[in-house]
Amino acid sequence: MGGRARVNQEGHALSGLEQKPSATPAPAEWAYAPAPESRDIVRLEDRYGLFIGGKWVEPSQTYTTISPATEEPLADVAQATPEEVAKAVAAARNAFENGWSSSAPSERSKYLFRIARILQERSREFAVLESLNGGKPIKESRDVDLPLAAAHFFYYAGWADKLEYAFPNRRPRPVGVAGQIIPWNFPLLMLAWKIAPALAAGNTVVLKPAETTPLTALLFCDVLRQAELPPGVVNIVTGDGSTGAALVTAEVDKVAFTGSTEVGKAIQRELAGTGKKLTLELGGKAANIVFDDAALDQSVEGIVNGIYFNQGHVCCAGSRLLVQESIYEPLVGKLKRRLETLRVGDPLDKNTDVGAINSRMQLEKIQELVEAGKQEGAEIYQPPCRLPEKGYWFAPTVFTNVAQSYRIAQEEIFGPVLSVLTFRTPEEAVEKANNTPYGLSAGVWTEKGSRILWMAERLRAGVVWANTFNRFDPTSPFGGYKESGFGREGGLHGLEPYLTFDGAESWGG
Ligand code: NAI
Ligand code: MG
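Every letter in the sequence shown is one number past the one before it in our numbering, and letter 207, counting from 1, is 718.
Next up, the structure:
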């Protein structure tokens, strides 16, 4: 490529379109051409077994997993029975007792680093499969899920041989076998959040992916094989809630669960008095709070990222927008205009902003709550957009005129639906934000640093983002208050639930 890039009068490089001779007629319409990511990079088996003791074991029952964007069948996967779950737990126990827990910590680091690097190398393959099986836009699985999943393995690889320094004078030791149950909104990332700290701390695991999104966890078994991880250290059993329930009652020493508050409460009841350690990461109904001195355009981007990212299937989604009354009109006006530019459609298209709803069940839940919002008297806005005929879809939605008592202001919708409320004073914002059974996250938008600190001190939420939203980093602990659960994932805090110590215990003991 010789020559200088052409520049315009302001000295900026010209885009391809601007460089065309002026005789080229301007396009009448600025619609984006389709830009689909190729599916060829992923090779799926027709049928998957259970990954137990480093081998594929033929399952006794299977079901078909589909693409939520097209409803096409993708593969048959195992529906593990309690007996099969018990086999996986026995394999994990064997691996724990015969090698893994007593292996040199630097050996454990080595495997975790290998896994992290292989995930990076195969990230495109994993991103395509994640979008195919779960419905999320490829630009999110490519730019968020995969880099963060690899980052988690890198981060905990670094701690594996430094536990004595992480917890000085406390003699950290592994707990044993961890049973881990994950949801469908960030399938591979939640796998990384669960497996990386457990292995770094010297435990072995049995992990159950969500029934609608098993495929990246099954592809991950191939990463384990490539990394030559000793057999039985990680076992993957697919299946529905009954498989999860069987894992909770199996001979595991620790249960880690991410999912609905309803199931989390049932697990807590089940485990009470058993001595098994437990961490729960449950739902949320986060307030995203915009003060009148905030930069409006940036706030609008943060609001959009807060609730339409991953179709709103995010436990820490900013699903309640609290706007200071004096900027209500301009902010909501800008927000509605911004919504018109969101592209809803094919998750594998690189231009897609909002993908498919993960399952028919979730779509029905969203539809039910939106109907309730209309019935209760809120005003609904949806930008004009044509939804695909097949598959599960829901247009980005904003509700205004929302009272705090409405179901859409109280319950987790877990879809692309925002409820807008207003406030006058910071005290009122805090009161409204905390008026929820949940407490996972919150957002504050203001120019004033002192106000950010004042708010963060008073908001009952595990994470408070200031002038940003939905930011994640493996070094930063994440988790909830109240009905959002207990225990932390990420950071040093994320190792504690997988360790026992001399003397007093902290989280989830
Ligand atoms: P769920 O809590 O039923 O599913 C999450 C995981 O738990 C899945 O792997 C599932 O198979 C497993 N599971 C289900 N029942 C179980 C049981 N009795 N014992 C052990 N494991 C069990 O969530 P679901 O039904 O998929 O979604 C319902 C609602 O939960 C959503 O609309 C959303 O509001 C919330 N949710 C919150 C998530 C979060 O990240 N905090 C993730 C998924 C759902
Ligand atoms: Mg459920």
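All C-beta atoms in this analysis are idealised placements derived from N, C-alpha and C, irrespective of residue type, glycine included.
Taking 8 Å as the limit between beta carbons, can you name the residues of its chain near residue i, skipping five residues before and five after?
i, result
"Q873", "H824, Y903, F925, G926"
"T979", "G813, G954"
"A736", "At residue 736 the sequence reads Arg, which differs from the Ala that was named. For R736, where only same-chain residues beyond five positions count, the Cβ hits under 8 Å are G565."
"N605", "G564, G743"
"S620", "A668, G669, A671, D672, A711"
"V811", "L842, K845, L846, R849"
To which residues of the same chain is residue i closer than 6 Å at the C-beta, ignoring the five residues directly before and after it?
i, result
"W1018", "Because the pLDDT at W1018 is just 46, under 50, the model does not fix this residue reliably, and the value given afterwards should be weighed accordingly. G998, E1007, P1008."
"L643", "S578"
"E836", "T933, R935"
"E890", "T911, N912"
"V975", "A953, A967"
"D808", "none"
"A798", "R831, L833, A944, A953"
"G1020", "Note that G1020 scores a pLDDT of 39, beneath 50, so its modelled location is shaky; the value from the coordinates is reported in the next line. None."
"K719", "I692, V748, T754, G755, L758"
"T790", "A767, G998, P1008, G1019"
"R854", "N862, T863, D864"
"L929", "I818, L832, V909"
"T769", "I693, P694, M701, E792"
Closer than 7 Å to a non-hydrogen atom of the ligand ATP - does that hold for the CB of residue i?
i, result
"P841", "The model on display carries the ligand NAI and the ligand MG but not the ligand ATP."
Pop quiz: residue i and residue j are said to be a contact at Cβ under 8 Å. What is the actual Cβ separation, rounded to whole angstroms?
i, j, result
"T724", "W704", "Contact flag wrong, Cβ pair sits at about 15 Å."
"I778", "V766", "6 Å"
"E996", "E792", "With the sequence shown as reference, residue 996 is identified as Gly, and Glu is not the correct amino acid for it. G996 to E792, Cβ: 5 Å. Contact."
"F697", "D656", "6 Å"
"V553", "E636", "6 Å"
"P648", "D864", "6 Å"
"Y543", "N862", "5 Å"
"T573", "A591", "The Cβ separation is near 10 Å, so there is no contact."
"P948", "K876", "At roughly 18 Å, the Cβ-Cβ gap does not stay under 8 Å, so P948 and K876 are not in contact."
"G795", "G991", "7 Å"
"I629", "V716", "The pair is not a contact, with the Cβ atoms about 18 Å apart (cut-off 8 Å)."
Apart from the five residues just before and just after residue i, which ones in its own chain have a Cβ nearer than 7 Å to its Cβ?
i, result
"F1012", "F678, R681, R682, P683"
"G513", "Confidence is the limiting factor: at G513 the pLDDT is only 40, short of 50, which leaves the residue's position unreliable, though a coordinate-based value still follows. The answer is none, since no qualifying residue turns up."
"V931", "L832, V834, V843, V909, F910, T911, V913"
"N945", "L970, R971"
"E569", "G560"
"A867", "P579, A580, G646, P858, G902, Y903, W904"
"A586", "L555, E556, D557, R558, Y559, T576, L726"
"A627", "A661, F664, F665, A668"
"A805", "W956, T957, E958"
"P545", "D860"
"E618", "none"
"Y917", "G884, E887, A889"
"Q631", "A661"
"G1005", "P708, P988, R999"
"E548", "V639, I649, L859, K861"
"G829", "A797, N799, I814, G817, I818, G954, F980"
"G856", "T863, P899"
Between residue i and chain B, is any beta-carbon pair separated by less than 8 Å?
i, result
"D984", "Within the model displayed, chain B is absent; a lone protein chain is all it includes."
Quick check: the region 723-731 against the region 679-688, are there 3 or more CB pairs under 8 Å? Judged by Cβ distances under 8 Å, the region 723-731 makes no contact with the region 679-688, as fewer than three pairs qualify.
Alpha helix (DSSP H) runs contained entirely in the region 921-998, provided each spans 4 or more residues: 937-945, 960-969, all fully within the region 921-998.
Between the region 747-758 and the region 595-606, can you find at least three pairs of beta-carbon atoms closer than 8 Å? The answer is yes - the region 747-758 touches the region 595-606, with three or more Cβ pairs under 8 Å.
Restricting to runs no shorter than 4 residues, where is the alpha helix (DSSP H) found entirely within the region 763-847? The qualifying runs are 772-782, 807-819.
Mind the definition here: the region 909-921 touches the region 838-858 only if three or more C-beta pairs lie below 8 Å; say whether that holds. Flag = yes, the region 909-921 and the region 838-858 touch.
Does the region 881-901 come close enough to the region 660-678 to have 3 or more Cβ pairs within less than 8 Å? In short, these stretches do not touch, since the Cβ pair count stays below three.
Note down, one range per segment and in chain order, each alpha helix (DSSP H) of at least 4 residues found wholly within the region 877-929. The alpha helix (DSSP H) runs lying completely inside the region 877-929 and spanning 4 residues or more are 918-921, given in chain order.
Taking three-plus beta-carbon pairs below 8 Å as touching, is the region 568-587 in contact with the region 891-903? The region 568-587 vs the region 891-903: in contact.
What are the start and end residues of each continuous alpha helix (DSSP H) run of 4 or more residues lying completely inside the region 704-763, in chain order? As far as the region 704-763 is concerned, its whole alpha helix (DSSP H) runs of at least 4 residues are 726-737, 752-760.
Unbroken stretches of the alpha helix (DSSP H), 4 residues or longer, contained in the region 554-612: Those alpha helix (DSSP H) runs which fall completely within the region 554-612 and span 4+ residues are 593-606.
Which runs of the beta strand (DSSP E) fall wholly inside the region 630-694 and span at least 3 residues, in chain order? The qualifying runs are 688-692.
Looking at C-beta atoms only, is the number of pairs between the region 606-624 and the region 780-792 that lie closer than 8 Å three or more? By the C-beta criterion, the region 606-624 is judged not to be in contact with the region 780-792, since fewer than 3 inter-stretch pairs fall below 8 Å.
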